[in-house]
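**Q** All letters in the sequence shown, in the order written, are residues 240 to 508 by our numbering. Here a beta-carbon is modelled for each residue, glycine too, at the ideal position from N, C-alpha and C. One structure is given below, represented as structure tokens, and several questions about it will come after.
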Amino acid sequence: MKRSREPEETPSEGTVSTIRNTAATAAAVGHGGLAPINRDDNTLQPAAKLAWLDLSDNDGGVHMRCSLPPHKESLVFSSYGEYETHYKNQHTNRCAQCRKNFPSAHLLGLHIEETHDAFVLVKRERGERTYSCFVENCERKCSTPQKRKMHLIDKHMYPKNFFFAVTRDGIDGRRSLLLEGGHRRRRSSAIAVPRPKEPSKEERHKPPAADEKSEAPTDDHMTVDSGRQSPEQQADHEMEDLSTAMSALKFVPLSVQFGRGKRAGFAKQ
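See below:
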């Protein structure tokens, strides 16, 4: 016959609370806690916040500063995003030797090759092609910057007013890679050559004014008219020349004489 168990004593509420507090204290100490946590439902309190870990605090007084070259004075940014954008645009692709900034890492590499690489300079003196294309996937090399410019315009559809000297001068102080002078030149050339105005119907049928009729001929016409002579004057000059030539001729031979003791030829009256 089985022996029945005696009824167990029900623990009081104070005992349960003490057990919970003891367990919570042991757990907190084992995990490196700083203070015991009260697990009693009636006395449970919210945990305190740590100010240096609170992401919801107001960051209005926090500023990011940039004192990297070429800035003479430190630049202040109100947020980390603005500072990151500034660093990417101004300091990521900057040459360490001449401190010039470039829009991309590829153009920075071309600048170093064409300006600071001694081996490339020796190849250029030998006549080799050392100017690479601005497009990263293009392997074309040219012998001069002018030929590279024509290659970029013809093959890669670059605009003619593009700043092709970017690998030499960088982009410091520039807001765009397009030159503004090209558009102005086109406008000035278009204005400098006006189209001739066609006369109206009234101007065509209008008789010339009296002043226009009385205008003296120009010097060119006067010189041309003075050089010309009438046919009568030309005939007179020809006859004078002919008579002079005839008077110099002698048609009577020297052997013919008229009378004794007289000279040959016709006697002069």
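Please report the Cβ distance between L347 and S371, rounded to the nearest whole angstrom; I am assuming they are in contact, meaning their Cβ atoms lie under 8 Å.
**A** Between S371 and L347 the Cβ distance is about 12 Å, and since that is not below 8 Å, they are no contact.
**Q** Would you check if the stretch 388 to 405 and the stretch 372 to 380 touch, i.e. whether three or more CB-CB distances between them fall below 8 Å?
**A** Contact between the stretch 372 to 380 and the stretch 388 to 405 is present, because at least three Cβ pairs lie under 8 Å.
**Q** Helix, strand or coil for M389? Go by DSSP, reduced to three states.
**A** Helix at M389.
**Q** Report buried or exposed for N332, applying the criterion of at least 16 other Cβ atoms within 10 angstroms of its Cβ.
**A** So N332 ends up on the buried side.
**Q** Who pairs with N340 in a beta bridge, going by DSSP?
**A** According to DSSP, which records beta bridges pairwise, N340 is partnered with R333.
**Q** If distances are taken between C-alpha atoms only, which option among R304, F341, Y326 and Q336 comes closest to F316?
**A** It is R304 whose Cα lies nearest to the Cα of F316.
**Q** Over what stretch of residues does the alpha helix (DSSP H) that includes R363 continue unbroken?
**A** First-last of the alpha helix (DSSP H) with R363: A357 to E364.
**Q** So the alpha helix (DSSP H) V374 belongs to, where does it begin and stop?
**A** Taken as a continuous stretch (DSSP letters only), V374 belongs to no alpha helix (DSSP H), as it is neither H nor E.
**Q** Which residues in the same chain as C381 place their Cβ atom closer than 7 Å to its Cβ, once the five residues preceding and following it in sequence are excluded?
**A** Correct list, in chain order: R368, Y370, R387 and H390.
**Q** Leaving out five residues before and five after A335 in sequence, what residues of the same chain have Cβ atoms less than 6 Å from its Cβ?
**A** Excluding sequence neighbours, A335 sits near nothing in its chain.
**Q** What's the call for V361, buried or exposed, on a 16-neighbour Cβ count within 10 Å?
**A** Burial call: exposed.
**Q** Looking only at its chain, what residues have a beta carbon closer than 7 Å to the beta carbon of F401, apart from the 5 residues adjacent to it on each side?
**A** L416 and L417, listed in sequence order.
**Q** In the DSSP assignment, find the beta strand (DSSP E) that holds R304 and state where it starts and stops.
**A** Residues M303 to C305.
**Q** Can you tell me the Cα-Cα spacing of R407 and E378, whole angstroms?
**A** Roughly 20 Å separates the two Cα atoms.
**Q** Roughly how many whole angstroms lie between the Cα atoms of S482 and D475?
**A** Each residue's Cα considered, the two are about 11 Å apart.
**Q** Let me know if E419 comes out buried or exposed under the rule of 16 or more other beta-carbons within 10 Å of its beta-carbon.
**A** By the 10 Å Cβ count, E419 comes out exposed.
**Q** To the nearest whole angstrom, what separates the beta carbons of G409 and F341, a pair I think is in contact under 8 Å?
**A** About 6 Å separates the two Cβ atoms, so the contact holds.
**Q** Between which two residues does the alpha helix (DSSP H) harbouring T406 extend?
**A** Looking at the DSSP string, the run of the alpha helix (DSSP H) that includes T406 is V405 to D408.
**Q** Strictly by DSSP, which residues pair up with F316?
**A** Paired residue(s): M303.
**Q** For K339, count neighbouring C-beta atoms within 10 Å of its own C-beta (all shown protein chains included) and say buried if the count is 16 or more, exposed if not.
**A** By the neighbour-count rule (16 or more Cβ atoms within 10 Å), K339 is buried.
**Q** From the DSSP output, in three-state form, read off K380 for me.
**A** Three-state result, K380: strand.
**Q** According to DSSP, which residues form a beta bridge with L417?
**A** Paired residue(s): F401.
**Q** Go ahead and pull the three-state DSSP assignment for E323.
**A** Note: E323 maps to helix in three-state DSSP.
**Q** Flag this pair as yes or no: are the beta carbons of H330 and L307 separated by less than 8 Å?
**A** Yes, the pair counts as a contact, with Cβ atoms nearer than the cut-off.
**Q** Measure the alpha-carbon distance for H355 versus R363 and round it to whole angstroms.
**A** Going from the Cα of H355 to the Cα of R363 covers about 13 Å.
**Q** Would you identify the three-state DSSP class for E477, choosing helix, strand or coil?
**A** The answer is helix: DSSP assigns E477 an H, G or I state.
**Q** What do you reckon, are the CB atoms on P384 and F403 nearer than 8 Å?
**A** Yes. Within cutoff.
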